[in-house]
Amino acid sequence: MNKGGRGNISNCINRTYARLTVVDQYYIRRGESNQNRKMLKCVCECGNITHAMAAHVIGGKTKSCGCINVEKSRLRFAIADTMTADIYEFCKNLVHPSLWKLTKQQFTMIMAVNCTICDRENKINQLHIVKRKNNQLPFIYDNCYSICSECNSI
Ligand SMILES: [Zn+2]
Ligand SMILES: [Zn+2]
Numbered sequence: 026m027n028k029g030g031r032g033n034i035s036n037c038i039n040r041t042y043a044r045l046t047v048v049d050q051y052y053i054r055r056g057e058s059n060q061n062r063k064m065l066k067c068v069c070e071c072g073n074i075t076h077a078m079a080a081h082v083i084g085g086k087t088k089s090c091g092c093i094n095v096e097k098s099r100l101r102f103a104i105a106d107t108m109t110a111d112i113y114e115f116c117k118n119l120v121h122p123s124l125w126k127l128t129k130q131q132f133t134m135i136m137a138v139n140c141t142i143c144d145r146e147n148k149i150n151q152l153h154i155v156k157r158k159n160n161q162l163p164f165i166y167d168n169c170y171s172i173c174s175e176c177n178s179i
């Protein structure tokens with residue numbers, strides 16, 4: 026298809042990068058310059074067809090058709106659902122009642138963000154730990170953040 030020149034990325038067809046399997050490659054003109062931008066047509070694991078810049082696919086910037094991001098937000102909702110029932114009560118029971126001022130919704134919001142220290146995602150099977158910024162103050166929303174269990178053990 027393409028003989029390939031300097032700066033050219035070799036044939037990507039049939040290769041798989043993250044969730045994307047390349048089915049076609051082509052070039053588009055890049056603005057005013059004569060440089061061409063290599064594009065890949067890919068089939069995502071979820072079945073969607075997506076077009077992305079080859080550099081992004083190979084470099085790992087584009088990992089899916091976008092379904093990974095959708096799953097992430099679904100995961101957050103899933104965490105919210107499962108957590109509010111069990112883990113909220115569990116955490117609440119660990120501290121003295123006078124110190125626990127978090128509502129389920131606030132607790133969920135604190136737990137739904139990535140680890141404050143290492144930016145690791147909160148996962149259902151490896152939940153984060155709610156910490157206080159100031160231990161003199163109770164568990165109120167403004168005084169709380171979450172970190173992963175690994176950062177917590179350091
Ligand atoms: Zn997909
Ligand atoms: Zn962490």
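Residues 26 to 179 in my numbering are what the sequence shown spells out, letter by letter. Heads up, the beta-carbon is just placed ideally off N, CA and C, and yes, glycines get one too.
- Take Arg-55, set aside five residues on each side of it, and the residues of its chain with a beta-carbon closer than 7 Å to its own are Asn-61, Arg-62, in chain order.
- Distance from the CA of Asp-111 to the CA of Val-68, rounded to the nearest whole angstrom, comes to 39 Å.
- At a Cβ-Cβ threshold of 8 Å, Cys-90 and Cys-71 count as neighbours.
- The three-state secondary structure of Ser-89, taken from DSSP, is coil.
- Using a cutoff of 7 Å, the CB of Asn-36 does not count as near ligand 1, since none of the ligand's heavy atoms is closer than that.
- About 5 Å separates the CB atoms of Ser-171 and Val-155; that is less than 8 Å, so the two are in contact.
- DSSP assignment within the region 127-169 yields the following whole beta strand (DSSP E) runs of 3 residues or more, N-terminal first: 154-157.
- For Cys-67, the uninterrupted beta strand (DSSP E) run begins and ends at 61-69, by DSSP.
- Proximity annotation: ligand 1 has residues Cys-69, Cys-71, Asn-73, Ser-89, Cys-90, Cys-92 in chain order, each selected because its CB is closer than 5 Å to a heavy atom of the ligand.
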